[in-house]
Amino acid sequence: MKGDRVEVVIDAGGSTRTYEIEATRAGRRVEVVHGRGVVEVTENTRGGTPVRTARFMSGRVLALVEHPAARPGLDDDEPVTPLRRSA
1 MKGDRVEVVI
11 DAGGSTRTYE
21 IEATRAGRRV
31 EVVHGRGVVE
41 VTENTRGGTP
51 VRTARFMSGR
61 VLALVEHPAA
71 RPGLDDDEPV
81 TPLRRSA
């Protein structure tokens with residue numbers, strides 16, 4: 001859905017680089033596939049047609065963080081109880 005994004009941090013030989021792939025229009029989604037030494041992040045349309053794709057060598061990926069789009073709270077959502085921190 002619009003607003004979904006994936007952040008990929010890679011090792012660039014002594015430094016790190018960060019890439020963000022975001023679903024830019026309504027109805028699009030971001031999918032992550034990994035296998036055979038490659039991590040692939042793709043923005044797809046509703047019909048499944050890829051709009052843009054980013055490929056990274058899995059050995060270079062340091063972090064892959066998925067950020068789902070914020071959604072408004074619904075009437076039937078239960079309140080979230082915060083976790084207690086230990087001393």
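Quick note: the sequence shown, position 25, residue 25 per the UniProt record's numbering, numbers continuous. In this text, a Cβ means the ideal position worked out from N, Cα and C, and glycines have one as well. The structure presented is a predicted model; accordingly, all values stated were derived computationally and were not measured.
*Might you give, ordered along the chain, the residues of its own chain that have their beta carbon closer than 6 Å to the beta carbon of R5, omitting 5 neighbours on each side?*
Taking R5 as the centre and dropping the five residues before and after it, the same chain places the C-beta of E20, E22, H67 closer than 6 Å to its C-beta, in chain order.
*asked:* Just to confirm, is the Cβ distance from V8 to V41 under 8 Å?
replied: Their beta carbons are under 8 Å apart, which means V8 touches V41 by this criterion.
*Around the Cβ of E43, are there at least 16 other Cβ atoms within 10 angstroms (buried) or fewer (exposed)?*
With 16 or more other Cβ atoms within 10 Å, it is buried.
*Span separating the alpha-carbon of L64 from that of R28*: Between L64 and R28, the alpha-carbon positions lie close to 20 Å from each other.
*Assign V39 to one of two classes, buried (16 or more other C-beta atoms within 10 Å of its C-beta) or exposed (fewer than that).*
Answer is buried; the Cβ neighbour count reaches 16.
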